[in-house]
Amino acid sequence: MGFFGRLNIGTKIISVVSFIVILCVILIVLVVSFFASQTLERESDNLLSNTAARYKNLIVGATGEIFSSTISANAVIESMIGKGFTFDEGQLINILENVVDTNRYSVGGFIIIKKDYTQKNIKGDHYLLPTGEFAILSIDEDAALGGVSTGIMPKDLLEEMPSILNSLNKSSVDMTPSRQVNIKGKTQYLKAAIVPIIQNGKHVGVIGNFLNLEMIDDILASPGLRVFEGDKRIVIDTNGSIIFNSATEERAQWRSQDLRNVNTHPSAKEIVEAAKKHQSGIYTYTNIIGQNSKVALNSFEIWPGTDLWWTVVSLAPFSAINKPIVTLQIALVIVGIVAVALVSLVMFIYIKSTIASRIRHISHTLFEFFDYLNHKIKVAPEPLVIRGRDELGAMGEAINENIASTKNGLQQDSKAVEQSVATAKTIESGDLRARITETPHNPQLNE
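Written as structure tokens, this is what we have:
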């Protein structure tokens with residue numbers, strides 16, 4: 128007989144019921160976790176995709192503001208050129224400073240007019256490059272209105288950003304590469320939006336507006352954009368170069384570096400390849416410390432016609448995404464433990480107070496009855512108190528009937544035996560008229 132077989136019936140019932148409840152709790156945890164994880168996966172995909180689109184819209188809004196104001200200023204200049212105006216330096220300075228000062232994402236701007244047009248149509252020689260081009264640079268040193276200073280375009284800036292002069296040979300809107308440059312002793316992280324100035328189909332110059340990338344980087348790093356714990360926002364170009372990175376401790380270190388060089392994991396290469404193809408979607412990314420994350424990509428053209436594309440990489444660690452599931456599982460386990468404890472306690476109290484006590488009472492009465500049958504005791508046990516009409520109640524009634532019947536039978540047999548003994552003694556004394564009148568209950572005594 129095993130251990131379970133040695134347990135009393137109440138313990139067996141409680142054990143079986145508790146085991147069934149535990150199995151049910153485990154099944155509930157598994158089923159709820161499965162469906163919750165499926166739902167969470169879909170919702171996290173949608174949420175990350177929406178955040179990537181949100182960050183894209185933020186960047187597109189900034190670049191759109193830069194290009195729109197620059198194109199508007201360019202239209203004014205081209206209109207004046209078309210009417211045959213002869214510019215003085217102050218007019219161009221006013222136009223440029225107004226563009227820079229009224230644009231919140233602008234850190235500065237420039238106007239460069241080719242040498243042949245400058246000589247004929249611009250009065251003054253204060254802002255001429257050694258090669259003869261008219262070139263002014265305005266820098267906004269104050270975020271509020273005002274605070275714009277203008278001077279000749281520094282030679283070292285043109286050397287750091289050769290694409291500015293190269294744009295004089297392009298007839299379409301363009302942007303310079305993203306760079307950190309030193310302007311008036313201050314390091315600026317910027318990218319210039321350049322719009323050509325056209326006269327009768329002839330390219331005579333450009334007007335440019337410096338997009339303040341540092342400001343956008345700060346906005347993307349803002350804790351207010353956080354959706355998941357530990358999430359990050361990265362923006363790369365089609366070559367995989369990092370433009371923006373919300374991880375403040377790594378921002379300066381990673382800026383303009385190839386993501387594949389920063390992180391050699393194959394997932395980084397997959398993301399760069401998707402950016403090259405201008406693909407958006409959900410990917411898996413493993414960072415440099417081996418943490419797995421879910422990533423939403425959103426590729427977009429910075430400005431129509433530039434053919435310059437950026438890709439927003441919105442990533443969140445799987446541990447943060449799955450945190451609600453883990454919390455739910457812990458809650459279900461705790462509730463399950465409490466449920467098992469409560470069910471076991473209720474079953475214990477019920478079985479002990481009803482079933483177990485009745486069974487013990489019946490068992491005790493039966494053993495006394497057997498002792499009575501075996502003449503170990505002379506007094507028959509008291510009848511059972513019937514507390515229910517269930518199986519135990521029916522058993523108790525049957526036991527009571529048998530106790531009463533056996534008690535009466537034994538008493539009847541005892542009287543018959545006593546009379547038989549007395550009759551035998553009477554006959555032995557010579558009185559042959561003595562007869563046995565008592566009828567025994569036991570058939571064998573009748574014989």
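Numbering-wise, the numbering used here comes out as the position in the sequence shown, counting from 1, plus 127. The C-beta atom is built at its ideal place from N, Cα and C for all residues, glycine as well. Owing to the predicted nature of the structure, the values given are computational and were not obtained by experimental measurement.
For residue 511, the three-state secondary structure derived from DSSP is coil. In this structure, residue 140 lies near residue 474, with their beta-carbon atoms less than 8 Å apart.
Under the DSSP definition of a beta bridge, residue 302 partners with 320. Contact annotation, residue 367 with residue 385: C-beta distance approximately 5 Å; criterion of less than 8 Å satisfied. For the set 342, 297, 309 and 305, the Cα lying nearest the Cα of residue 322 is the one of 297. Here residue 332 is buried. Its C-beta has 16 or more other C-beta atoms within 10 Å.
Residue 455 and residue 495 have their C-alpha atoms spaced approximately 56 Å apart.
DSSP, reduced to helix, strand and coil, places residue 420 within a strand of the structure shown. With contacts defined as CB atoms closer than 8 Å, residue 300 and residue 433 qualify as a contacting pair. Considering only 191, 234, 208 and 431, the residue with the shortest C-alpha distance to residue 267 is 234. If you look at residue 393, you'll find it in the alpha helix (DSSP H) that goes 393-403. Judged by DSSP in its simplified three-state form, residue 534 adopts helix.
For residue 165, the closest of 191, 309, 449 and 364 by C-alpha to C-alpha distance is 449. Unbroken alpha helix (DSSP H) stretches of 4 residues or longer found wholly inside the stretch 217-301: 242-248, 282-287 and 290-293, given in chain order. For the options 425, 211 and 431, the alpha carbon positioned closest to that of residue 181 is the one of 425.
Rounded to whole angstroms, the gap between the alpha carbons of residue 407 and residue 468 is 51 Å. For residue 359, the uninterrupted beta strand (DSSP E) run begins and ends at 359-364, by DSSP. For residue 494, the enclosing alpha helix (DSSP H) starts and ends at 484-500.
Non-local beta-carbon contacts of residue 365 in its own chain, meaning distances under 6 Å to residues more than five positions away in sequence, involve 402, 403 and 436 in chain order. Shown here for residue 208: same chain residues with a beta carbon closer than 6 Å to its own, the five before and five after excluded, namely 326 in chain order. In this structure, residue 382 sits near residue 369, with a CB-CB distance shorter than 8 Å. The C-alpha of residue 421 lies about 10 Å from the C-alpha of residue 358. Boundaries for residue 431: no beta strand (DSSP E) harbours it, and the DSSP string shows neither H nor E there. Here the stretch 522-534 lies against the stretch 480-493, with 3 or more beta-carbon pairs under 8 Å apart.
Here residue 444 is buried. Its C-beta has 16 or more other C-beta atoms within 10 Å. A straight line joining the alpha-carbon of residue 465 with that of residue 490 spans about 34 Å. Annotation for residue 186: the continuous alpha helix (DSSP H) segment containing it runs 136-209. Taking every protein chain shown into account, the CB of residue 175 has 16 or more other CB atoms within 10 angstroms, so this residue is buried.
At least 8 Å separates the beta-carbon of residue 145 from that of residue 480.
Your pair residue 249 and residue 216 checks out as a contact, with CB atoms roughly 7 Å apart and the cut at 8 Å.
Residue 423 is positioned such that its CB atom lies no closer than 8 Å to that of residue 446.
Going by DSSP, residue 450 is part of the alpha helix (DSSP H) stretching over 450-477. Under DSSP, no beta-bridge partner is assigned to residue 379. If you draw a 10 Å sphere on the C-beta of residue 529, you find fewer than 16 other C-beta atoms in it, and that means exposed. Boundaries cannot be given for residue 327, as no beta strand (DSSP E) includes it and DSSP labels it neither H nor E.
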